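Q:
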Amino acid sequence: MKKIFLITIIITLLNSIALAEITEDMERRAKEAGIIIMRDHDVKRTYYCNDQFARETHMNMQVAYRYSQVGDLEKAAQLELIAANRGLEHAQVSVGKRYVHGNGVEPNIVEAYKFFKLSEDETSKNLYIKVILEHMTQDQINEAENLVKNFKASYK
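Taking this note's numbering, I'd label the letters of the sequence shown as residues 94 to 249.
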């Protein structure tokens with residue numbers, strides 16, 4: 094019985110340990126942007142760093158949707174790009190689609206691939222990336238993979 098109790102405590106403690114660690118670079122970039130980090134988060138998902146930043150990121154997407162409804166695709170794309178660069182997954186999918194079709198941005202298949210890959214969205218992995226891969230050169234794929242590998246989400 095004691096063994097089961099100890100194992101339960103160990104598992105509970107292991108589950109409570111944060112999987113993401115705040116690095117000095119993350120702290121520096123957040124400070125430069127005037128953002129206070131209140132909790133651990135992935136370097137590719139900065140919008141998780143505090144509640145206010147997360148709300149603002151989601152609000153950008155809501156406002157972007159309204160701009161799209163009235164036909165201001167450039168302004169919508171700008172706001173979605175802010176959210177995508179902060180690591181918001183559905184913003185990354187949306188921006189990827191914008192880059193494929195040139196809605197509010199110049200078409201750019203490399204950027205489209207980057208944002209689809211960063212989103213970790215199942216549809217992006219299983220459909221969108223497969224479709225655009227048919228239209229990409231190996232150099233473009235390598236460039237896009239390098240952008241994904243070196244991506245650090247923004248605190249701005």
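Backbone N, C-alpha and C define an ideal beta-carbon position, used for all residues, glycine too.
Note that the coordinates shown come from a computational prediction; the quantities given were computed from them, not determined experimentally.
Nearest CA to the CA of Phe244: which residue from Met229, Asp232, Phe209?
A: Position 151 of the sequence shown, counting from 1, holds the residue named residue 244. Nearest option by C-alpha distance: Phe209.
Q: Under 8 Å, do Tyr141 and His151 count as touching if we go by C-beta distance?
A: Here the question's residue 141 lines up with position 48 in the sequence shown. Here the question's residue 151 lines up with position 58 in the sequence shown. Contact flag unset, no.
Q: Cutting at 8 Å between CB atoms, please list the residues of its own chain near Ile222, excluding the five before and the five after it.
A: Looking up residue 222 in the sequence shown gives position 129. The answer, listed in chain order, is Tyr206, Phe209, Lys210.
Q: Can you tell me the Cα-Cα spacing of Val224 and Ala126, whole angstroms?
A: For the purposes of this step, residue 224 is taken as the residue at position 131 of the sequence shown. For the purposes of this step, residue 126 is taken as the residue at position 33 of the sequence shown. Approximately 37 Å, taken between the alpha carbons.
Q: I'd like the list of long-range same chain contacts for Lys168, defined as Cβ closer than 6 Å, with 5 residues on each side in sequence excluded.
A: Locating residue 168 in the sequence shown gives position 75, counting from the first residue. Within the same chain, Lys168 has close Cβ partners Tyr160.
Q: Please classify Gln155: is it buried, with 16 or more other beta-carbons within 10 angstroms of its beta-carbon, or exposed?
A: Locating residue 155 in the sequence shown gives position 62, where the first residue counts as 1. It counts as exposed.
Q: Answer yes or no: do Val198 and Ala157 have a C-beta to C-beta separation smaller than 8 Å?
A: Within the sequence shown, the letter at position 105 stands for residue 198. Within the sequence shown, the letter at position 64 stands for residue 157. Contact: no.
Q: In the DSSP assignment, the alpha helix (DSSP H) including Met119 goes from what residue to what residue?
A: Locating residue 119 in the sequence shown gives position 26, where the first residue counts as 1. First-last of the alpha helix (DSSP H) with Met119: 117 to 125.
Q: Tell me whether the beta-carbon of Glu236 lies closer than 8 Å to the beta-carbon of Val193.
A: What you label residue 236 is simply residue 143 of the sequence shown in a count that begins at 1. What you label residue 193 is simply residue 100 of the sequence shown in a count that begins at 1. Contact flag unset, no.
Q: Using the C-alpha atoms, what's the distance from Leu172 back to Val163?
A: Taking the first residue of the sequence shown as 1, we reach residue 163 at position 70. Taking the first residue of the sequence shown as 1, we reach residue 172 at position 79. Near 14 Å, if we compare the C-alpha coordinates of Leu172 and Val163.
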